[in-house]
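Visitor: Questions regarding the structure given below will be posed in turn.
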Amino acid sequence: MNDLPPARNGLFRGFRPLAEVLVSLRFLTRLPIPFVRRLDPPPLAQSMRFFPVAGIVIGLIAGGLLALAQTFEFPSLFSAVLAAALSIILTGALHEDGLADVADGFGGGKSREHRLEIMRDSRIGTYGTLALVLAVLAKISLLEALQSLQPLESIILIATAAGFSRALVVDLLWATKPARSDGLSVLAGRPSRNGALVALLLGGGLAFAGAAYALSPEAAAFAIIAGGVTLAAIRALAMRMIGGQTGDVCGAVQVLSEIAMLAVYVVMIG
133 MNDLPPARNG
143 LFRGFRPLAE
153 VLVSLRFLTR
163 LPIPFVRRLD
173 PPPLAQSMRF
183 FPVAGIVIGL
193 IAGGLLALAQ
203 TFEFPSLFSA
213 VLAAALSIIL
223 TGALHEDGLA
233 DVADGFGGGK
243 SREHRLEIMR
253 DSRIGTYGTL
263 ALVLAVLAKI
273 SLLEALQSLQ
283 PLESIILIAT
293 AAGFSRALVV
303 DLLWATKPAR
313 SDGLSVLAGR
323 PSRNGALVAL
333 LLGGGLAFAG
343 AAYALSPEAA
353 AFAIIAGGVT
363 LAAIRALAMR
373 MIGGQTGDVC
383 GAVQVLSEIA
393 MLAVYVVMIG
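Heads up: the sequence shown begins at 133 in the working numbering, then just goes up one per residue.
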């Protein structure tokens, strides 16, 4: 990609929101993003600060389908399956594929090199299959439970979880060294400290505001903490198992932190 022209220093150096949001959406989703050459697309590593916005877009679309199904009085379980399926289709199962690879590698590998080799293998094993099935079932059950709220409230909660979980991915990429010299996370590049901070502030701020409106400030705070704890746990496990992060580890962080946040929301409904 082309380099950006010189810009002011600080958190918003080279700040070009539209271009960076489009780059983020193009990387994280299968949405047909039109790209005009004169936009001079910024590097992906710089655009990562807008990963939370891309996540919110994904969540709004999936949550919108859930609300629409509610409006037409579809069975709640069927509505949840539709929303979960759409969110996976929108991303091309990018994050779920990472979770499955991590489960296979960490579960079946005998050494760091063996685990990385398993994670690179495109075939899915027993651990990966189980992790994928359990994660999808967990998400479906949580989406079903969210339907006890008003449609707008459930849309907001789904979108905030989708957004903040992707902000956590940016933090992982900045704070954790790559486990190998190639792969998707290396190709994507490392975000700057300021970029990671912007992603966390943007994703966390919107998550807190949205969840505080839909549920309560306490629910918002607990959900953000749950997401952060999930990130810390996966990061610690990845450092012990493979000595760093990979694109697959990023996928696992996104999927599991989103589930953790949705679980907190559901618990706090009662």
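No residue lacks a Cβ here, since even glycine has one placed at the ideal position from N, Cα and C.
1) Let me know if Arg247 comes out buried or exposed under the rule of 16 or more other beta-carbons within 10 Å of its beta-carbon.
2) Under 7 Å, do Thr362 and Ser389 count as touching if we go by C-beta distance?
3) In this structure, does DSSP put Pro137 in helix, strand or coil?
4) Quick check: the Cα distance between Ile221 and Ala320, rounded to an integer number of angstroms?
5) With a floor of 4 residues, list each alpha helix (DSSP H) that falls wholly inside the region 346–386, ordered by position along the chain.
6) Report buried or exposed for Ala255, applying the criterion of at least 16 other Cβ atoms within 10 angstroms of its Cβ.
7) For Glu276, does the count of other Cβ atoms within 10 angstroms reach 16, so buried, or fall short, so exposed?
8) The alpha helix (DSSP H) spanning Arg255 covers which residue range?
9) Assuming the contact rule is C-beta atoms closer than 8 Å, Thr292 and Arg367 should be a hit. Round their C-beta distance to whole Å, please.
10) One question on the structure: do Val399 and Ala267 come within less than 7 Å of each other, judged by their Cβ atoms?
11) Spell out a yes or no on whether the region 187–194 and the region 279–297 are touching, meaning 3 or more CB-CB pairs, one atom from each, closer than 8 Å.
12) Name the DSSP bridge partner or partners of Pro149?
13) Which one or two residues does DSSP pair with Pro207 in a beta bridge?
14) Sorted by chain position, which residues of the same chain lie with C-beta nearer than 7 Å to Arg312's C-beta, five sequence neighbours on each side aside?
15) Once you ignore the five residues that flank Thr161 on each side, which residues in its own chain have a CB closer than 7 Å to its CB?
16) What residues match up with Pro310 in a beta bridge as DSSP calls it?
17) Would you call the region 351–362 and the region 198–213 touching, i.e. three or more CB-CB distances under 8 Å?
18) Mapping the DSSP letters down to three states, classify Ser280 as helix, strand or coil.
19) Which residue from Ile391, Met371, Ser273 puts its Cα closest to that of Phe238?
20) Nearest to His227 by CA position, among Ile250, Pro175, Gly260, is which residue?
21) Closer than 8 Å by C-beta to Ala216: which residues in its own chain qualify, once you throw out the five before and the five after it? Chain order, please.
22) Quick one, which of Val381, Leu316, Leu347 has its alpha-carbon nearest Pro283's?
23) Per DSSP, what kind of secondary structure is Arg181 in: helix, strand or coil?
24) Taking only the alpha-carbon atoms, compute the straight-line gap between Val385 and Leu231 and give it to the nearest angstrom.
25) Note down the Cα distance separating Gly240 from Pro174, rounded to an integer number of angstroms.
Guide: Taking the structure as given:
1) Here the question's residue 247 lines up with position 115 in the sequence shown. Classification of Arg247: buried, given that the 10 Å Cβ count is 16 or more.
2) In the sequence shown, the residue the question calls residue 362 occupies position 230. In the sequence shown, the residue the question calls residue 389 occupies position 257. Their beta carbons are under 7 Å apart, which means Thr362 touches Ser389 by this criterion.
3) In the sequence shown, the residue the question calls residue 137 occupies position 5. Note that Pro137 scores 36 on pLDDT, short of 50, meaning its location in the model is unreliable and no value can be drawn from it.
4) Sequence index remark: in the sequence shown, residue 221 carries index 89 (1-based). Sequence index remark: in the sequence shown, residue 320 carries index 188 (1-based). Distance between the alpha carbons of Ile221 and Ala320 is about 21 Å.
5) 349–374
6) Working through the sequence shown from its first residue, we reach residue 255 at position 123. The sequence given here has Arg at residue 255, not Ala. Exposed, by the Cβ-count rule.
7) Within the sequence shown, residue 276 is the residue found at index 144, counting from 1. The residue is buried, with at least 16 neighbouring Cβ atoms inside 10 Å.
8) Taking the first residue of the sequence shown as 1, we reach residue 255 at position 123. Careful: Arg255 lies outside any alpha helix (DSSP H) and carries neither H nor E.
9) Counting from 1 along the sequence shown, the entry for residue 292 is found at position 160. Counting from 1 along the sequence shown, the entry for residue 367 is found at position 235. In fact, because the Cβ distance is near 22 Å, the residues do not count as touching under 8 Å.
10) Here residue 399 refers to the residue found at position 267 of the sequence shown. Here residue 267 refers to the residue found at position 135 of the sequence shown. Against a cut-off of 7 Å, the Cβ pair of Ala267 and Val399 comes out as no contact.
11) yes
12) Here the question's residue 149 lines up with position 17 in the sequence shown. In DSSP, Pro149 forms no bridge with anything.
13) Within the sequence shown, residue 207 is the residue found at index 75, counting from 1. According to DSSP, Pro207 bridges with nothing at all.
14) Here the question's residue 312 lines up with position 180 in the sequence shown. The answer, listed in chain order, is Leu248, Thr378.
15) The residue given as residue 161 occupies position 29 in the sequence shown. The residues are Ala186, Ile190, Leu222, Thr223.
16) Position 178 of the sequence shown, counted from the start, is the residue given in the question as residue 310. Gln377, per the DSSP bridge assignment.
17) no
18) Your numbering for residue 280 matches position 148 in the sequence shown. Coil.
19) In the sequence shown, counting from the first residue as 1, residue 238 sits at position 106. Selected option, being the one with the closest Cα: Met371.
20) Taking the first residue of the sequence shown as position 1, residue 227 is located at position 95. That would be Gly260, whose Cα lies nearest to the Cα of His227.
21) Counted from its first residue, the sequence shown places residue 216 at position 84. The answer, listed in chain order, is Ala194, Val268, Lys271, Ile272, Leu275.
22) Counting from 1 along the sequence shown, the entry for residue 283 is found at position 151. Nearest option by C-alpha distance: Leu347.
23) To locate residue 181, count along the sequence shown from 1; it is residue 49. DSSP places Arg181 in helix when its eight states are reduced to three.
24) The residue labelled residue 385 in the question sits at position 253 within the sequence shown. The residue labelled residue 231 in the question sits at position 99 within the sequence shown. Computed Cα separation, rounded: 8 Å.
25) By one-based count along the sequence shown, residue 240 stands at place 108. By one-based count along the sequence shown, residue 174 stands at place 42. In a straight line, the C-alpha of Gly240 is about 39 Å away from that of Pro174.
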